[in-house]
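Notes follow the structure.
Right, dumping it as structure tokens:
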């Protein structure tokens, strides 16, 4: 009989997440008994002591791994027993591997976003990039962009201290090429930028809207959104209408899921098949009323 796996997702507003379906389909494809559960956190469960208790329960219940999403990627980081070198440098995790009662934090958002850019925007101009959002996802995106050879990186956040902390995690490899700003600086920054990335939750079903006014977008700009539910966010829609090259959150979602699956199971994921799964799931949701798959 095949080995069984139990995985889960911690976060808020995660009802629409496709992670359970992507992981369980890949598990079935590999003849594994693989179960993935979503654990919706209420506000009272966001405190570190409550999260520590939830993590301990997951260990006791025999979970093999967890994915971590908004808004606890930073908060969970000091709660695990160990960190991968990449996660330690970033200071945020989105994946926890559980082995023999011990927990190790990883960050597959970095590798997932980098792979998405290589696949979806292979010749993108990375000279001058505006990154909106300096939380856990934003920090991962910043490291991915640095790994891809980004030039100037302008981090925009409502909390200037959080933006400064993000730049500090990049260390000397990006010294002098990063700046921090509040959202009121977006018009000036985008007028000369080559790329824009939304790494905030704005655009999700639970956080509708766009972090950037449509009037600030121009056709010399490529635009990436890490939100994938809905796939066509308000930002993606506006960018498309204004002639921008656009990268939806699909590539990052699939690649980070595949990376997490490999960490949980020790088996290579069928990435092309997972892309097909994602496309099928999204296509089914976007079908006009009255049509069936």
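In my numbering, the protein residues as written are 1122 to 1414. The beta carbon of each residue, even a glycine, is placed where N, CA and C say it ideally should be.
In this structure, residue 1337 keeps its C-beta atom at 7 angstroms or more from the C-beta atom of residue 1360.
In this structure residue 1226 touches residue 1198 by the C-beta definition: roughly 6 angstroms separates them, less than 8 angstroms. Here residue 1236 is buried. Its C-beta has 16 or more other C-beta atoms within 10 Å. By the Cβ rule, the stretch 1301 to 1311 does not count as touching the stretch 1233 to 1247, because fewer than three pairs are nearer than 8 angstroms. Here residue 1376 carries a helix assignment [DSSP, helix/strand/coil]. Nearest neighbour of residue 1125 by Cα position, chosen from 1173, 1183, 1165, 1159, turns out to be 1183.
For residue 1295, there is no enclosing beta strand (DSSP E), as DSSP marks it with neither H nor E. Between the C-alpha atoms of residue 1249 and residue 1127 there is a straight-line separation of about 42 angstroms. Proximity to residue 1188 across 1310, 1165, 1218 peaks at 1218, based on C-alpha coordinates. Counting only residues of its own chain and dropping the five nearest sequence neighbours on each side, residue 1292 has a CB closer than 8 angstroms to the CB of 1210. Looking only at 1319, 1340, 1342, 1341, the smallest Cα-Cα distance to residue 1331 is reached by 1319.
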